[in-house]
Amino acid sequence: MVKVEGYDVPEGLYYSKDFFWIKIEDQKVRVGITDYAQKALREIVYAELPDVETEVNQNEPYGTLESVKAVSDLVAPVSGKIEKVNEEVLSHPESLNEDPYGKAWLLVIKPSDLQAELANLMDFDKAVEWHKTQAQGK
4 MVKVEGYDVP
14 EGLYYSKDFF
24 WIKIEDQKVR
34 VGITDYAQKA
44 LREIVYAELP
54 DVETEVNQNE
64 PYGTLESVKA
74 VSDLVAPVSG
84 KIEKVNEEVL
94 SHPESLNEDP
104 YGKAWLLVIK
114 PSDLQAELAN
124 LMDFDKAVEW
134 HKTQAQGK
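The numbers in my numbering rise by one with no breaks, and the one at position 135 of the sequence shown is 138.
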């Protein structure tokens, strides 16, 4: 893991420009929000996530996060069917501020076309550069 302008960017993940990360686990992906996103939202107080078996499409909204500052759409970094929803986040949305890359993941998705959609995401090196650009633009 590296810190970029105060934001954690772990290795081994892919990142979307909508501030989400994915971790490939066998034939599935675990999805969460980035450290940058949780710090921008500040105190997260509510999470709305879809049900298991729901189909999501890359770059389309599937839920929301509400903070004391704003309501933000959750945008799918990959297309596929939701296999797991993190119930902990639903009952304790503040966990997203505490551990966005660990216990506060959002969904596990069985992707429909992962290899093609990875081209639309950033690997670690690209994500580090992108975070630098984001931090400079604040």
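Even for Gly, the Cβ is constructed at its ideal location relative to N, Cα and C.
All values derive from a computational prediction rather than experimental measurement.
When only Cα atoms are considered, E46 and E63 end up about 24 Å apart. For the pair V34 and L117, the CB atoms are not nearer than the 8 Å cut-off. Under the three-state reduction of DSSP output, Y49 falls in the strand class. Residue range 64–70 is occupied by the beta strand (DSSP E) that includes T67, with no alpha helix (DSSP H) assigned at that position. Under the criterion of beta carbons closer than 8 Å, E86 and K106 do not qualify as touching, at roughly 18 Å. Just so you know, the alpha carbons of V7 and L124 end up roughly 18 Å apart. Assigned with DSSP and collapsed to three states, L77 falls in strand. Taken through DSSP and simplified to helix, strand or coil, L121 comes out as helix.
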